[in-house]
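Residue numbering for the sequence shown follows UniProt numbering, starting at 1 and increasing by one per position. Using N, Cα and C, we set each Cβ at its ideal position, and we do this for glycine too. Below: the structure, in structure tokens.
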Amino acid sequence: QIQFADQKQEFNKRPTKIGRRSLSRSISQSSTDSYSSAASYTDSSDDETSPRDKQQKNSKNSTDFCVKNIKQADFGRREIEIAEQEMPALMALRKRAQGEKPLAGAKIVGCTHITAQTAVRP
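Here is the structure:
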């Protein structure tokens, strides 16, 4: 089917609420933005020093972690909540496996680019 300029449909519009979703993204803040959002939300002073060079401790006095900009925690939490709503099948798997604890005691080592979507994976 041929469409003329005056018949152009807008495919980029996303509904703000679908089914159980309560959070939504704007068009400019799509799920692909999560891959590049960290660079645009950091302070310039944080870019000068590697987070590995900073001594960091959490409230339990643990140092076994590395965070570039802790000021972005609220933003990251919201991104994870949105990703959870966008992946209901994974959330159902997580809930089902929660009682079984199939990986209890396993030592798993891996390296991946962390996004809100990878944070949701069980």
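One alpha carbon belongs to P102, the other to D53, and they sit about 36 Å apart.
Distance from the CA of A73 to the CA of R121, rounded to the nearest whole angstrom, comes to 18 Å. Counting of Cβ neighbours within 10 angstroms places T49 among the exposed residues, the total staying below 16.
The beta carbons of T63 and K71 sit no closer together than 7 Å. Relative to T115, the option among Q55, I108, F75, N61 whose CA is nearest is F75. The beta carbons of I80 and A119 sit closer together than 7 Å.
One Cα belongs to E100, the other to R94, and the distance between them is close to 10 Å.
With contacts defined by Cβ atoms closer than 7 Å, C66 and P51 form a contacting pair. The three-state reading of DSSP puts I70 in helix, counting H, G and I together.
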